[in-house]
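To keep things clear, I will list the structure first and then write my remarks on it.
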Amino acid sequence: MLEARLEQAQLLKKVVDAIKDLVQDCNFDCNDSGIALQAMDNSHVALVSMMLKAESFNPFRCDRNIAIGLNLVSLTKVLRAAQNEDILTLKAEDAPDSLNLTFESSDKDRISEYDLKLMDIDQEHLGIPDTDYSATISMPSAEFKRICTDLMAMSESVTIEAGKDGIKFACNGDIGNGSITLRTVQDVENKENNIEIALTEPVSLTFSLKYLVNFCKAQNLSKTVKLHISNEVPLLVEYAMEGGSYLRFYLAPKIGD
Amino acid sequence: TKKQQSLTSFFTPK
Numbered sequence: 260m261l262e263a264r265l266e267q268a269q270l271l272k273k274v275v276d277a278i279k280d281l282v283q284d285c286n287f288d289c290n291d292s293g294i295a296l297q298a299m300d301n302s303h304v305a306l307v308s309m310m311l312k313a314e315s316f317n318p319f320r321c322d323r324n325i326a327i328g329l330n331l332v333s334l335t336k337v338l339r340a341a342q343n344e345d346i347l348t349l350k351a352e353d354a355p356d357s358l359n360l361t362f363e364s365s366d367k368d369r370i371s372e373y374d375l376k377l378m379d380i381d382q383e384h385l386g387i388p389d390t391d392y393s394a395t396i397s398m399p400s401a402e403f404k405r406i407c408t409d410l411m412a413m414s415e416s417v418t419i420e421a422g423k424d425g426i427k428f429a430c431n432g433d434i435g436n437g438s439i440t441l442r443t444v445q446d447v448e449n450k451e452n453n454i455e456i457a458l459t460e461p462v463s464l465t466f467s468l469k470y471l472v473n474f475c476k477a478q479n480l481s482k483t484v485k486l487h488i489s490n491e492v493p494l495l496v497e498y499a500m501e502g503g504s505y506l507r508f509y510l511a512p513k514i515g516d
Numbered sequence: 478t479k480k481q482q483s484l485t486s487f488f489t490p491k
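Here the protein sequences come in this chain order: A and B. 516 is the number that our numbering gives the last residue of the first sequence; the numbers go up by one with no jumps. 491 is the number that our numbering gives the last residue of the second sequence; the numbers go up by one with no jumps.
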């Protein structure tokens, strides 16, 4: 059986909030290393890969592989009943038809308990090849969100260009064009403000802003975001959480002349 | 114009 206790419900609330507009029905695949989810959006352009490691829970118990088939809209309805600071416990049997969720207020004067009906979801998993990306950019997640939102006002697509001089986000729209160039920032006092660019070769790729703006809903999970880019392969946008857990988004590029 | 690619042309089912 699965028993997983989170000190603060907000972790799961934020994760589900960040992905529920991209994917609807998906399996939480549980085993002794944690809870994983992999799902593509309906258009097969974006993929969500979530890993909540056992270390992010206390305690975490799962002795077998258990697939918890969830509708994220339904899960959101239940999670809305949890306060951010509540202690959240997930429980499920080995072949579950429901997921038990309890929310305890930190001073333990209130315990809420819900059972959510599960779905049988036959989901195919994609093999994601290990890639040595040509460019890895680490930046404040709020900055990335601002860039994507600002450019989306002008255009459907953004071209991300990483070179030795910095990283440039450029768009071309009906009303004109715009670009934002970022250079390396080293803020010793406040490392969250750092902009780091690791480059093995220059890259330039175009992506749909609609999806990038959607990924930015994960901004609350982490103060920093990492973009991994190589020419002609999907972009990886990664939000790292405590305990080695992460939320990753993959986005297929736009290619052509 | 550039054409949106599908993820399935990069990632294959396990």
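Virtual Cβ for every residue (Gly too), placed ideally from N, Cα, C.
Return the bridge partner residues of A305 (chain A) from the DSSP annotation.
Indexing the first sequence from 1 puts residue 305 (chain A) at position 46. The partner list for A305 (chain A) (beta bridge, DSSP) reads A:L510.
What distance in whole Å lies between the Cβ atoms of L331 (chain A) and V282 (chain A), which are believed to be in contact at a cut-off of 8 Å?
As a first step, residue 282 (chain A) must be located in the first sequence, where it is residue number 23. As a first step, residue 331 (chain A) must be located in the first sequence, where it is residue number 72. 7 Å between Cβ atoms; contact.
Of the residues that make up the region 457–471 of chain A, which ones have a beta carbon closer than 8 Å to any beta carbon in chain B?
T465, S467
Do we get a CB-CB distance below 9 Å when we pair I387 (chain A) with the residues of chain B?
In the first sequence, residue 387 (chain A) corresponds to position 128, counting from 1. So yes, I387 (chain A) belongs to the interface.
Is the CB-CB distance between K279 (chain A) and S400 (chain A) below 9 Å?
On the first sequence, residue 279 (chain A) is found 20 positions in, with the first residue counted as 1. On the first sequence, residue 400 (chain A) is found 141 positions in, with the first residue counted as 1. No. Outside cutoff.
Cβ-Cβ separation, I456 (chain A) to A394 (chain A) (assumed contact under 8 Å), whole Å:
Along the first sequence, read from residue 1 onward, the residue named residue 394 (chain A) stands at position 135. Along the first sequence, read from residue 1 onward, the residue named residue 456 (chain A) stands at position 197. With 8 Å as the limit, A394 (chain A) and I456 (chain A) qualify as a contact, their Cβ atoms being about 7 Å apart.
Exposed or buried, V447 (chain A), counting other C-beta atoms within 10 Å across all chains shown (16 or more means buried)?
Counting from 1 along the first sequence, the entry for residue 447 (chain A) is found at position 188. Exposed, since its Cβ has fewer than 16 Cβ neighbours within 10 Å.
According to DSSP, what are the bridge partners of Y373 (chain A)?
Numbered from its first residue, the first sequence carries residue 373 (chain A) at position 114. A:L360.
Helix, strand or coil, according to DSSP, for F487 (chain B) in the structure here?
Within the second sequence, numbered from 1, the residue matching residue 487 (chain B) stands at position 10. Residue state, collapsed to three classes: coil.
If you draw a straight line from the alpha carbon of A354 (chain A) to that of I325 (chain A), how long is it in whole angstroms?
As a working note, residue 354 (chain A) is residue 95 in the first sequence. As a working note, residue 325 (chain A) is residue 66 in the first sequence. Going from the Cα of A354 (chain A) to the Cα of I325 (chain A) covers about 7 Å.
Considering just the uninterrupted stretch of the alpha helix (DSSP H) at T443 (chain A), what are its terminal residues?
As a working note, residue 443 (chain A) is residue 184 in the first sequence. From DSSP, T443 (chain A) is part of no alpha helix (DSSP H); its letter is neither H nor E.
Between which residues of its own chain and R339 (chain A) is the CB-CB distance below 6 Å, once the five residues before and five after are set aside?
Mapped onto the first sequence, residue 339 (chain A) falls at position 80. The answer is none, since no qualifying residue turns up.
Given G422 (chain A), which residues of its chain have a CB within under 6 Å of its CB, disregarding the five upstream and five downstream residues?
Mapped onto the first sequence, residue 422 (chain A) falls at position 163. Counting only Cβ-Cβ distances below 6 Å, and skipping sequence neighbours, we find P461.
At the level of alpha carbons, what is the spacing between D379 (chain A) and D391 (chain A)?
Taking the first residue of the first sequence as 1, we reach residue 379 (chain A) at position 120. Taking the first residue of the first sequence as 1, we reach residue 391 (chain A) at position 132. Distance between the alpha carbons of D379 (chain A) and D391 (chain A): 36 Å.
At what residues does the alpha helix (DSSP H) containing A401 (chain A) begin and finish?
Residue numbering aside, residue 401 (chain A) sits at position 142 when the first sequence is read from its first letter. It spans 400–411 - the alpha helix (DSSP H) in which A401 (chain A) sits, taken as one unbroken run.
Establish whether the CB of I380 (chain A) and some CB of chain B are separated by less than 9 Å.
If you number the first sequence from 1, residue 380 (chain A) lands on position 121. No, no contact with chain B.
Do the region 490–505 of chain A and the region 294–312 of chain A make contact, defined as three or more Cβ pairs closer than 8 Å?
yes
Strictly by DSSP, which residues pair up with C321 (chain A)?
Within the first sequence, the letter at position 62 stands for residue 321 (chain A). For C321 (chain A), which the question treats as bridged, DSSP gives the partners A:L261.
Mapping the DSSP letters down to three states, classify Y392 (chain A) as helix, strand or coil.
Counting from one through the first sequence, the residue named residue 392 (chain A) turns up at place 133. It is coil, neither helix nor strand.
Please give me, in chain order, every unbroken run of the alpha helix (DSSP H) with length at least 4 that falls completely inside the region 420–502 of chain A.
468–474
Can you tell me which of A:V444, A:N473, A:D345 puts its alpha carbon nearest to the alpha carbon of D366 (chain A)?
By one-based count along the first sequence, residue 366 (chain A) stands at place 107. Checking every option, the nearest Cα to that of D366 (chain A) belongs to A:D345.
Span separating the alpha-carbon of L271 (chain A) from that of F403 (chain A):
The count along the first sequence starts at 1 and reaches residue 271 (chain A) at position 12. The count along the first sequence starts at 1 and reaches residue 403 (chain A) at position 144. So the two alpha carbons sit approximately 22 Å from each other.
How big is the Cα-Cα spacing for L468 (chain A) and D300 (chain A)?
Sequence index remark: in the first sequence, residue 468 (chain A) carries index 209 (1-based). Sequence index remark: in the first sequence, residue 300 (chain A) carries index 41 (1-based). Spanning the two alpha carbons is a distance of roughly 15 Å.
Where does L296 (chain A) sit, in a helix, a strand or coil, going by DSSP?
Numbered from its first residue, the first sequence carries residue 296 (chain A) at position 37. If DSSP states are grouped into helix, strand and coil, L296 (chain A) belongs with the strands.
Boundaries of the beta strand (DSSP E) in which A351 (chain A) is found, first to last residue
By 1-based counting over the first sequence, the position of residue 351 (chain A) is 92. It spans 346–351 - the beta strand (DSSP E) in which A351 (chain A) sits, taken as one unbroken run.
Counting only C-beta atoms, is A326 (chain A) closer than 9 Å to chain B at any point?
The residue you call residue 326 (chain A) lines up with position 67 of the first sequence. So no, A326 (chain A) is outside the interface.
Please tell me whether, using a cut-off of 8 Å, the distance from the CB of K376 (chain A) to the nearest non-hydrogen atom of the ligand MN is below it.
As far as ligands go, the structure on display features none, and thus does not contain the ligand MN.
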